[in-house]
Amino acid sequence: LCLLFSHLSSLFLSNGMLCIWIFSCLLQLATIKSESRLKHLLQRLPGYCPESMVSVFYISQVRVSKKSDGWVGLGCCELAISSECRRECRQASSKNDITKVCKKVTENSLYSCITKNEMGSTCCSYAGRHTTCREYCQAIFRTDSTPTVSQINAVKEYCQSHSAQLLSCVSNFTKSYPIRSPIDSLYCCDRAEATHCQVACKQILRTMSTEHEIMEGLIKECGSQPLPQEPMWQCFLGSAHPPSPPEEETPHIAKMDCAKLHCCSKANTSLCRDMCQEISTNWGSQTWQDFDQLCEYNPVETELINCLADVREPCQLGCKDLTYCTNFNNRPTELFRGCNVQADQGAMNDIKLWSNGTIKMPFMNIPVLDIRSCLPDMWKAVACSLQIKPCHSKSRGSVICKSDCVDILSQCGDKKRFHEGQTPERICELLSPIDDPERCIPLRRYLSESLWTAFTAVIHPCNPNPCPSNHLCQVNRKGCLDELNCQPYLCVQVRCKLGEASEFLVQQDAPIQVPTRTGPAGCYEVCSCGLSGRLENCVEMPCVDTNKPCIVGGQRKKHGTSFTMDCRICFCFAGDTICSTKECFSQVSSDFGHQRFTGLPCSCPERFVPVCATNGRTYPSACVARCMGFKDHQFGFGQCRLGNPCASKPCQRNQRCIPKYQVCLSDLSDCLQYECTGRPGSCDKNKVEPACDTDSQVYLSLCHLQQAGKVMAYMGQCQVCHPQQVCGHNGETYNTACEAFSDRMAVDYEGPCHAVGTVSEVASGSACSAVVCPALSTPGCQPVTPPGACCPICASMLQILWNKEQMNTFSKLNKNQPVTVHNVLQILRLHVSVPQCDVFGYLSIDHQLVVLIAPVDQQPTPLQIEACSKEAEKIDSLINNASPTLVSHVPLSAFLTSEIKTSFIHSSGSFVPLPLSPGLLLILALSVLAAHNC
Numbered sequence: 001l002c003l004l005f006s007h008l009s010s011l012f013l014s015n016g017m018l019c020i021w022i023f024s025c026l027l028q029l030a031t032i033k034s035e036s037r038l039k040h041l042l043q044r045l046p047g048y049c050p051e052s053m054v055s056v057f058y059i060s061q062v063r064v065s066k067k068s069d070g071w072v073g074l075g076c077c078e079l080a081i082s083s084e085c086r087r088e089c090r091q092a093s094s095k096n097d098i099t100k101v102c103k104k105v106t107e108n109s110l111y112s113c114i115t116k117n118e119m120g121s122t123c124c125s126y127a128g129r130h131t132t133c134r135e136y137c138q139a140i141f142r143t144d145s146t147p148t149v150s151q152i153n154a155v156k157e158y159c160q161s162h163s164a165q166l167l168s169c170v171s172n173f174t175k176s177y178p179i180r181s182p183i184d185s186l187y188c189c190d191r192a193e194a195t196h197c198q199v200a201c202k203q204i205l206r207t208m209s210t211e212h213e214i215m216e217g218l219i220k221e222c223g224s225q226p227l228p229q230e231p232m233w234q235c236f237l238g239s240a241h242p243p244s245p246p247e248e249e250t251p252h253i254a255k256m257d258c259a260k261l262h263c264c265s266k267a268n269t270s271l272c273r274d275m276c277q278e279i280s281t282n283w284g285s286q287t288w289q290d291f292d293q294l295c296e297y298n299p300v301e302t303e304l305i306n307c308l309a310d311v312r313e314p315c316q317l318g319c320k321d322l323t324y325c326t327n328f329n330n331r332p333t334e335l336f337r338g339c340n341v342q343a344d345q346g347a348m349n350d351i352k353l354w355s356n357g358t359i360k361m362p363f364m365n366i367p368v369l370d371i372r373s374c375l376p377d378m379w380k381a382v383a384c385s386l387q388i389k390p391c392h393s394k395s396r397g398s399v400i401c402k403s404d405c406v407d408i409l410s411q412c413g414d415k416k417r418f419h420e421g422q423t424p425e426r427i428c429e430l431l432s433p434i435d436d437p438e439r440c441i442p443l444r445r446y447l448s449e450s451l452w453t454a455f456t457a458v459i460h461p462c463n464p465n466p467c468p469s470n471h472l473c474q475v476n477r478k479g480c481l482d483e484l485n486c487q488p489y490l491c492v493q494v495r496c497k498l499g500e501a502s503e504f505l506v507q508q509d510a511p512i513q514v515p516t517r518t519g520p521a522g523c524y525e526v527c528s529c530g531l532s533g534r535l536e537n538c539v540e541m542p543c544v545d546t547n548k549p550c551i552v553g554g555q556r557k558k559h560g561t562s563f564t565m566d567c568r569i570c571f572c573f574a575g576d577t578i579c580s581t582k583e584c585f586s587q588v589s590s591d592f593g594h595q596r597f598t599g600l601p602c603s604c605p606e607r608f609v610p611v612c613a614t615n616g617r618t619y620p621s622a623c624v625a626r627c628m629g630f631k632d633h634q635f636g637f638g639q640c641r642l643g644n645p646c647a648s649k650p651c652q653r654n655q656r657c658i659p660k661y662q663v664c665l666s667d668l669s670d671c672l673q674y675e676c677t678g679r680p681g682s683c684d685k686n687k688v689e690p691a692c693d694t695d696s697q698v699y700l701s702l703c704h705l706q707q708a709g710k711v712m713a714y715m716g717q718c719q720v721c722h723p724q725q726v727c728g729h730n731g732e733t734y735n736t737a738c739e740a741f742s743d744r745m746a747v748d749y750e751g752p753c754h755a756v757g758t759v760s761e762v763a764s765g766s767a768c769s770a771v772v773c774p775a776l777s778t779p780g781c782q783p784v785t786p787p788g789a790c791c792p793i794c795a796s797m798l799q800i801l802w803n804k805e806q807m808n809t810f811s812k813l814n815k816n817q818p819v820t821v822h823n824v825l826q827i828l829r830l831h832v833s834v835p836q837c838d839v840f841g842y843l844s845i846d847h848q849l850v851v852l853i854a855p856v857d858q859q860p861t862p863l864q865i866e867a868c869s870k871e872a873e874k875i876d877s878l879i880n881n882a883s884p885t886l887v888s889h890v891p892l893s894a895f896l897t898s899e900i901k902t903s904f905i906h907s908s909g910s911f912v913p914l915p916l917s918p919g920l921l922l923i924l925a926l927s928v929l930a931a932h933n934c
């Protein structure tokens, strides 16, 4: 209350009364050692209280606060983003102690605070024995907001006769802070409930300059007193003196962390949900420490903690170049959250700290024997695991297995120093309650080096990140015109972040879905990254009632849960049950005249008489098209790609018609199969989007190709392809395999399409009996057969259930531009970090989105196949857990649930003898069992 109303109190109280009131608040806060709130009120004191009273308070405050002594960065530790960095900071004695664990790239606020404290220590030392001058000086550097005029004047008044050096030093510091403009708080106006108040608020902030005028104007125009529970006042008061972020960040984004805000709805307790909201909407608050103690290790908050971990450190394939945790090197197909130099050094530092005999946790201390002689290899594996954080696609958590925890504490725990009631079992029940090797970290996997001594068949060009901090690293799938200077990655400059405390970068103009700042759970808005470096042009979406259950067979299903009905996968979305349209097999006697089960929608005949529907998708027959909801006037006979959409000359005379075949997932607007482009005058030489013409000549971009008067064959570098027609999994005939790959389509078989496969595992598939399937790319591969295809393929497959209403909403927000399969696949490609794997996909004939993650080499190695399977498992997990790293992207946020089938290598019923670690062999064995069970 003191903090919120300190900005308003001058309107109602005299200076004398105000001094007593603020002084009382300060003393109470000092007594409970709430330094962050003391900082905010210190700036009010000099303007209202006599010097003697101020001096008395400062002296008492210095006595109470222990953080003013010793390590100048101690008061900054709560600003650290990662818990490891915060812990290291609290135990440090100088800045050098934290540089190995706390990355300057991601810990900007921490280092900015430390630098500020160091500068304050230097400046205020010039005050010598003049206590009042020194305390006024320290007040400027203690506050975590922009120094106010009253603070600066107080330093000038009390220090000018003592130290010119101090005044000069303070002046250099205060000049580095930009003067804050009232218009920086314009976004608060949007939180007012009344429209007239929103308009008046923006007008007041644009025309008035003093805080007093603005307050009076808002009270008058909005007709309400400034109450902290009202969203507009809460926002306005809280941002009256916000922290000044680094130049590349904006005040608005620095106050929010939209990436973490996505996770808060996953909390199972109201306490952790509220604390998550506080962290996400007021980043830098002291709630972090409370959250670590109450929620970080709470077993009922696993979903929330894993979601936050995805935001902080997404799981990535591969680990290498570690000098301390060397047993984690050379693991190209394992997932880790923090395989980097900082984590490597952090593990070494942890071992040093634990060697003192105590493992310090946020909520408990665990006494241990000398770990240098008691199971040292296990302790090293523990330290490295907690820092480098191996993660699994199923749980994504990073906790060691319970049996390992109990074993190591039973042998090395100092039981004489255990607290009453403490046992290894009880400690591990809290720290590591899981013992499933697919959901926890089995330490023995990392007691020896990986058998992969080197691997070139699989690389991870963006891990570690080679790009500057304001660039997004992407796998280079475009190739280069200059092959001699071609890198396997691209550094794409970005302007925006989804949150100050996350590394989630947003490309310019990319639509991003974020939770609304003040709305309840289930309310979102779609924003884009503007030239200003902010998320802007936000448009609210219809709120989703997350409390409304689905009633299925008399049972209640909670919003966000997936389940099966017969053979169909279903999902409960705000009270609506959304299911796949797969045809399920049932034993029906032919005596009743029922048709044979074909595995196609509506058990349509297996004949291939293709029709092209208005969504741009080719269906194998009119029967299937009608079954999927199309009227007779909404489809025509023939494959979509074999028609010429430009034949009717739909473009104006001064424009050129170019076929643009696409399959649309939204249906609010026409799914045009062409685009009209103007005659190109000049082309952007900096925009590299290679295009190949029908003469196999590559151009810098489609613009350059058109400028040369050529006809495009496909986008991308020209490849060596046989002039042989092929049939894609979508039932479309392509002139070459290269053309199919450019359309993100994997090849089913050679020759024109003439058959359709089933979408059910129990159907006969007799229609494909005349198809000659190509040999598998790798001998011994256990393949998958995509729905509607005839031939198996050595790839991993996701079958994704999606929400058409949301796709239509995204289309409407984007000026009725259709959402296409190609849009979705291009975004998913960004989530595949291994260049040897690529994304292909199509809309199945029963309207699931089928995504294949397959090796790009013609004869992939077993390691590459395994890497692609791991990439598929990672994306499958992100979809099924609604991870912000995926669902923030529009239109991927319309994904509901996913089913996965992965390929693996076997030979005559046994595994190929690959040089795999025991842990990887176990995972592969479980994959085989899972596949056979399916």
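For the sequence shown, the UniProt record's numbering assigns the number 1 to the initial residue and increments by one for each residue that follows.
Cβ coordinates follow ideal geometry from the N, Cα and C atoms, glycine included.
Residue i in three-state terms, based on DSSP
{"i": "residue 483", "result": "helix"}
{"i": "residue 890", "result": "coil"}
{"i": "residue 205", "result": "helix"}
{"i": "residue 266", "result": "helix"}
{"i": "residue 772", "result": "coil"}
{"i": "residue 802", "result": "strand"}
{"i": "residue 572", "result": "strand"}
{"i": "residue 127", "result": "coil"}
{"i": "residue 141", "result": "helix"}
{"i": "residue 347", "result": "helix"}
{"i": "residue 754", "result": "coil"}
{"i": "residue 446", "result": "helix"}
Short Cβ contact (8 Å threshold) for residue i with residue j
{"i": "residue 447", "j": "residue 327", "result": "yes"}
{"i": "residue 668", "j": "residue 485", "result": "no"}
{"i": "residue 443", "j": "residue 385", "result": "yes"}
{"i": "residue 788", "j": "residue 729", "result": "yes"}
{"i": "residue 904", "j": "residue 782", "result": "yes"}
{"i": "residue 113", "j": "residue 166", "result": "no"}
{"i": "residue 325", "j": "residue 344", "result": "yes"}
{"i": "residue 732", "j": "residue 714", "result": "no"}
{"i": "residue 425", "j": "residue 406", "result": "yes"}
{"i": "residue 840", "j": "residue 852", "result": "yes"}
Residue(s) in a DSSP beta bridge with residue i
{"i": "residue 729", "result": "Paired residues: none, contrary to the question."}
{"i": "residue 619", "result": "611"}
{"i": "residue 365", "result": "360"}
{"i": "residue 817", "result": "Bridge partners of residue 817: none, in fact."}
{"i": "residue 536", "result": "528"}
{"i": "residue 691", "result": "699 and 715"}
{"i": "residue 515", "result": "524"}
Original post:
Does the segment 723-734 come within contact of the segment 750-764, defined as at least 3 CB pairs closer than 8 Å?
Top reply: yes
Original post:
Do the segment 301-310 and the segment 261-281 touch if we need at least three Cβ pairs shorter than 8 Å?
Top reply: Yes, the segment 301-310 is in contact with the segment 261-281.
**OP:** Taking 8 Å as the threshold, find out whether the segment 621-637 comes into contact with the segment 822-833 through three or more Cβ pairs.
**Re:** A contact between stretches requires three or more CB pairs, one per stretch, nearer than 8 Å, and the segment 621-637 fails this requirement with the segment 822-833.
Original post:
Are at least three pairs of beta-carbons, each pair with one atom in the segment 376-384 and one in the segment 340-351, less than 8 Å apart?
Top reply: Verdict: yes, contact present.
Original post:
Would you call the segment 546-563 and the segment 814-827 touching, i.e. three or more CB-CB distances under 8 Å?
Top reply: no
Original post:
Are the segment 836-854 and the segment 685-701 touching by the rule of at least three beta carbon pairs closer than 8 Å?
Top reply: no
Original post:
Is the segment 868-883 touching the segment 610-622 in the sense that three or more CB pairs, one from each, lie closer than 8 Å?
Top reply: no
Original post:
Is the segment 791-808 close to the segment 421-435, with three or more CB pairs under 8 Å?
Top reply: no
Original post:
Is the segment 701-719 touching the segment 766-778, taking contact as three or more C-beta pairs under 8 Å?
Top reply: no
Original post:
Quick one: complete alpha helix (DSSP H) runs, 4+ long, within the segment 821-895?
Top reply: Correct list: 821-829, 862-880 and 884-887.
**OP:** Identify every run of the alpha helix (DSSP H) within the segment 390-429, keeping only runs that are complete inside it and at least 4 residues long; order them along the chain.
**Re:** The alpha helix (DSSP H) runs of length 4 or more contained entirely in the segment 390-429 are, from start to end of the chain, 402-412.
Original post:
Which ranges does the alpha helix (DSSP H) cover as unbroken runs of at least 4 residues, wholly within the segment 693-750, from first to last along the chain?
Top reply: The segment 693-750 contains these whole alpha helix (DSSP H) runs: 702-707 and 737-742.
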